[in-house]
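This report refers to the structure that appears directly beneath it.
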Amino acid sequence: MNRVRLIIFNAALGPLDYKVPDGMTVEHGSVVVAPLGPRQIIGIVWEEDRLPGESVSDSKLRNIIEVLPVPPLRAELRRLIEWTADYYCARLMSVARMVVSSGGALRGPTTMTEYRLTGVEPERMTPQRAVALDALQNEQATIRELADLASVSDGVLRGLVNQGALEPVEVDIDRPYPRARADHEQPDLSDDQRKVADQFVEAVKAREFAPFLLDGVTGSGKTEVYFEPIAAAIRDNRQVLVLLPEIALTEAFLGRFEDRFGAAPVVWHSGQKATERRRAWRAIASGEAQVVVGARSALFLPYANLGLIVVDEAHEISFKQDDGVRYNARDVAVMRARFEKFPIILASATPALESLQMAESGVYQRVELPSRFGGATLPDIATINLTENPPERGRWIAPELVEALEDRLAKGEQSLLFLNRRGYAPLTLCRNCGYRFQCSNCSAWLVEHRFSRRLACHHCGHEEEPPAACPDCGEKDCMVACGPGVERIADEVAEILPDARIAIATSDTLNTREKVADFVAQAEGGAIDVIVGTQLVTKGFHFPELTLVGVIDADLGLEGGDLRAAERTYQQVAQVAGRAGRGSKPGEVFIQTRHPEEPVIAALEAGDRDAFYAAETEARRGAGAPPFGRWAAIIISSEDEAEAREAANAIGGTRPNVKDVMILGPAPAPMAMLRGRYRYRLLINARRSAQIQDVIRGWLDGLDFPRGVRVNVDIDPYSFV
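In terms of the UniProt record's numbering, the sequence shown has 368 at position 368, counting the first letter as 1, and numbering is strictly consecutive.
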């Protein structure tokens, strides 16, 4: 070909045509460098008939500068990019950008300089140098990355280099990863596990699209089961992707994987260093990476020979991205498996209602693991009615749960208290005038964190120190904490059980792989008596000595207008309950609630998941909600409130009148201000048969807005704030 059409990563421009100079070979999917004015840009060669654009005469075309030394994106991946952009009403360029997310990986093999401590003390010790030396033990990275780790300036570290306290190390970025061995350790599977595993192995060998819903109770050994098709893919020289919903789950998974296969998998997530992501990207693109474990963004990497995807904890809402391209990784993963013709396994103890409906209709094949592995039994579950048996004044743990905690401590067993609220208290106010501490950027209260002495917004990240006096009335020492967070519950446990060793498990305390590994080691080693945690501890962890789980406030998730509130509550509570009694000792679960009559609470106590899902299914069917109807949201935002309102009214004023489509709004979003932007929202409810994406595109494409206005479309939304 002597001319090509490129997707370029510039939001203001569409596809552009370029000339291929003599002697240069390009193909569809090639990643190239091309000129744009005085600059050079990266683009991807695309099929011209699939990428409409303005045709330019050959005489006006500029030459491509170079083809980058990476494999071309395969046709199946290009089709996935197109499908994702079309389904989620996103720019093709924005989806394609996720594929080449590691810019450094595009330039071919190279080495780079990293730095590590030498053990030599600098001649002159300053407080900042002391902080750096303490923070960088066993670390090796670039100066910039080390500075971020130690929270000091680059200049401090360069001074340590000059003093001989840090030494340069030349690193081969593309060094190969240790090889996983399919038969490193043979698993001991039950008959039920072996039957399911064999079914998955045959699907891998068949090399055909086969979507499975692995529906197994907590503790049934789902991970060990899907390790078997992973082994089959390794034997067949196919690549495997395992998607996990939380980075914090990665550490425990890596240990189990290495025990089974003799080497760790390749890891991909946003918390990695740039060099780690570059190395992983190139290994994935070349086919050298055998098994990749990652967050949702790993789904769009350019695998050379993908043969299996596993989505673990497939019900998790964190697989839905709420900014940028608002895609659901679970659903896009199914489409990738379909385009590339290989099996996919969605594993969960509490599947999403949409997944269950797909299985019911025969689209997914449902396979079940109905009992726990090794003879362990599911825990007994009881509710504590807080209106009849309230905690003592000023406390949040009911007497019955306190007695159970005391009993487990006396027996040397572990307990877990679950409350899905980070920090000490969700609201702080002045006892003198009632002033409430609110985020300056969001319509949200600031959350008090006593351990780190800060008031924080959990939506935008804004932080400030607690003031000595009320900003409104000037009264000193007037702050009052309203409601409990996990830190407050931990304080209460410390008062009740002064001898107990307590650990708080949240995204604040377990925010690095090292901290997660230390927490897991302490819990497994019996160095923790009581864990107080958020949803971070509801899945993935296996502590055999943990026999008691207490849910502090089961009603919390039922508040608000979320159509999936009951389902999420069931999933969270069922998952955290599943942490109890996973070893030889029986488990017990107490659910504190003010509404034991709520269907979801009653179903949890009775252990009747099928009854809950049946009732929830009928409620959704009657409301035309997913999976029986479609929802979409249009979110309008601007730093100027009047500008956002006018744009929202302009959209609302041109709404189409389409059969089977109902449009609600515009109205201020429940979170009316987020990260300094005022927000309005329209909600769209449609029958499954309606082409909702076509309706939205036809509606919005003809509208123009001021530069400060952003209009985002969210197909199949999970967040309604």
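Note that the Cβ used here is the ideal one computed from N, Cα and C, for glycine as well.
{"Check": "Going along the chain, which unbroken runs of the alpha helix (DSSP H) with 4 or more residues stay wholly within the segment 121-156?", "Outcome": "127-135 and 143-150"}
{"Check": "Starting from the N-terminal side, write out each stretch of the beta strand (DSSP E) that is 3 residues or longer and does not extend beyond the segment 505-538.", "Outcome": "530-533"}
{"Check": "With Glu246 and Ser318 assumed to form a contact (beta carbons below 8 Å), what rounded beta-carbon distance in angstroms separates them?", "Outcome": "7 Å"}
{"Check": "DSSP on Pro599, reduced to helix/strand/coil?", "Outcome": "helix"}
{"Check": "With Tyr87 and Leu213 assumed to form a contact (beta carbons below 8 Å), what rounded beta-carbon distance in angstroms separates them?", "Outcome": "Not quite, the Cβ-Cβ distance comes to about 21 Å (not below 8 Å), so this is no contact."}
{"Check": "Beta-carbon within less than 6 Å of Gly653's beta-carbon, same chain only, minus the 5 sequence neighbours each way: which residues are those?", "Outcome": "none"}
{"Check": "Output the distance between the C-alpha atoms of Glu276 and Gly583, rounded to the nearest integer angstrom.", "Outcome": "36 Å"}
{"Check": "Using the Cβ count rule (16 or more neighbours within 10 Å means buried), how would you classify Gly557?", "Outcome": "buried"}
{"Check": "Count the C-beta pairs between the segment 338-351 and the segment 376-383 that are closer than 8 Å, then say yes if the count reaches three, no if not.", "Outcome": "no"}
{"Check": "Let me check understanding here. Comparing Cα to Cα, which of Tyr570, Ala625, Pro586 and Val169 lies closest to Ala611?", "Outcome": "Tyr570"}
{"Check": "Return the chain-ordered list of same chain residues with a C-beta closer than 6 Å to the C-beta of Met358, the five sequence neighbours on each side being excluded.", "Outcome": "Tyr364"}
{"Check": "Kindly list the residues whose CB is nearer than 6 Å to the CB of Val532, restricted to its own chain and excluding five residues on each side of it in sequence; keep chain order.", "Outcome": "Leu417, Val486, Ile489, Ala490 and Ile504"}
{"Check": "Of all the options Tyr115, Gln140 and His459, which has the alpha carbon lying nearest to the alpha carbon of Ala672?", "Outcome": "His459"}
{"Check": "What first and last residue would you give for the alpha helix (DSSP H) that runs through Phe227?", "Outcome": "Lys222 to Arg235"}
{"Check": "Alpha carbon to alpha carbon, what distance is there between His542 and Arg256?", "Outcome": "11 Å"}
{"Check": "May I ask you to report which of helix, strand or coil DSSP gives Thr110?", "Outcome": "coil"}
{"Check": "Look up Gln438 in the DSSP assignment and say whether it is helix, strand or coil.", "Outcome": "strand"}
{"Check": "Does the count of Cβ pairs from the segment 691-699 and the segment 607-623 closer than 8 Å reach three?", "Outcome": "no"}
{"Check": "Given this structure, state the Cα-to-Cα distance separating Arg207 from Arg194, to the nearest angstrom.", "Outcome": "20 Å"}
{"Check": "Identify every residue that forms a DSSP beta bridge with Ala210.", "Outcome": "Pro343"}
{"Check": "On the DSSP bridge assignment, give the partners of Val242 in chain order.", "Outcome": "Val293 and Val310"}
{"Check": "Report the residue from Leu308, Asp555 and Arg453 whose alpha carbon sits nearest the alpha carbon of Thr383.", "Outcome": "Asp555"}
{"Check": "Measuring alpha carbon to alpha carbon, tell me which residue in Asn2, His28 and Arg39 is nearest Arg22.", "Outcome": "Note on identity: in this sequence residue 22 is Asp, with Arg being the wrong assignment. When each option's Cα is compared against that of Asp22, the closest is Asn2."}
{"Check": "Do the segment 99-111 and the segment 326-337 meet, that is, are 3 or more Cβ pairs less than 8 Å apart?", "Outcome": "no"}
{"Check": "By alpha-carbon positions, which one of Val549, Asp134, Ile173 and Ser57 ends up nearest to Leu157?", "Outcome": "Asp134"}
{"Check": "Report the rounded CA-to-CA distance for Arg5 versus Gly29, giving the unit in angstroms.", "Outcome": "11 Å"}
{"Check": "So what does DSSP say about Gly216, is it helix, strand or coil?", "Outcome": "strand"}
{"Check": "With DSSP collapsed to three states, give me the class of Glu671.", "Outcome": "It should be pointed out that residue 671 corresponds to Met in this sequence rather than to Glu. Correct three-state label for Met671: strand."}
{"Check": "So who's on the other strand from Phe418, going by DSSP bridges?", "Outcome": "Gly533 and Val551"}
{"Check": "Is there a Cβ from chain C that is less than 8 Å from the Cβ of Gly221?", "Outcome": "Absent from the structure: chain C. Only one protein chain is present."}
{"Check": "Tell me whether the beta-carbon of Leu243 lies closer than 8 Å to the beta-carbon of Phe253.", "Outcome": "no"}
{"Check": "According to the Cβ coordinates, are Asp192 and Leu346 closer than 8 Å?", "Outcome": "no"}
{"Check": "What three-state label does DSSP hand Arg645 in the structure shown?", "Outcome": "helix"}
{"Check": "What are the boundary residues of the alpha helix (DSSP H) that Val486 is part of?", "Outcome": "Val486 to Ile496"}
{"Check": "Straight-line CA distance for Ser638 to Ala667?", "Outcome": "14 Å"}
{"Check": "I'd like the ranges of any beta strand (DSSP E) spanning at least 3 consecutive residues and lying wholly in the segment 569-626.", "Outcome": "588-593"}
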